[in-house]
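All letters in the sequence shown, in the order written, are residues 1 to 100 by UniProt numbering.
All residues carry an ideal CB built from backbone N, CA and C; glycine is no exception.
Accompanying notes for the structure given below.
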Amino acid sequence: VVKEIRKQRKSNGTKGIKLLHDNASPHRHSDVINYLTEEVINIIPHTPYSPDLAPCDYWLNDYIKQNLTNQPDEKSLARAVSKLIKIFQKRNLKKLLTNY
Numbered sequence: 001v002v003k004e005i006r007k008q009r010k011s012n013g014t015k016g017i018k019l020l021h022d023n024a025s026p027h028r029h030s031d032v033i034n035y036l037t038e039e040v041i042n043i044i045p046h047t048p049y050s051p052d053l054a055p056c057d058y059w060l061n062d063y064i065k066q067n068l069t070n071q072p073d074e075k076s077l078a079r080a081v082s083k084l085i086k087i088f089q090k091r092n093l094k095k096l097l098t099n100y
């Protein structure tokens with residue numbers, strides 16, 4: 001998935017990957033931190049007084065689950081991710097900003 005995200009970001013003229021996540025135990029696990037470091041993914045922590053839920057928690061996770069489930073193989077998943085990113089960029093960025 002990281003390869004496909006990099007490919008999509010490059011084709012759209014954007015650089016790097018930034019990941020916003022809270023301080024939950026799974027997010028702080030050394031395997032996760034090492035992987036993100038190896039992949040040069042910048043971690044953006046929640047600010048101390050931010051709400052427990054990120055804006056995307058209200059709708060994005062369900063949207064991703066609905067659109068990426070039942071992919072039979074890695075190639076199909078990569079195509080689905082590519083399609084999802086394009087749809088997300090065109091339709092839902094405004095939704096994310098207005099709901100926050």
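Report task. For the beta strand (DSSP E) holding P72, just list the boundary residues, first then last. Result -> Taking the sequence shown and counting its residues from 1, one reaches residue 72 at position 72. Neither: P72 is in no beta strand (DSSP E) and is coded neither H nor E.
Requested in this report: Quick one: residues in its chain with C-beta nearer than 8 Å to the C-beta of L68, no 5 flanking neighbours on either side, listed in chain order?
Outcome: Here residue 68 corresponds to residue number 68 of the sequence shown, with the count starting at 1. Answer for L68: L77, A80, V81, L84, listed in chain order.
Query - Anticipated Cβ contact below 8 Å, E39 with V2, distance rounded - result: Counting from 1 along the sequence shown, the entry for residue 39 is found at position 39. Counting from 1 along the sequence shown, the entry for residue 2 is found at position 2. 5 Å between Cβ atoms; contact.
Query raised in the report: What did DSSP end up calling K18 once you bin it into helix, strand or coil?
Result: Against the sequence shown, residue 18 aligns to sequence position 18. The answer is strand: DSSP assigns K18 an E or B state.
Query raised in the report: Contact check, R9 vs I17 under 8 Å by CB: the rounded distance?
Result: Locating residue 9 in the sequence shown gives position 9, counting from the first residue. Locating residue 17 in the sequence shown gives position 17, counting from the first residue. Contact holds; Cβ gap of about 7 Å.
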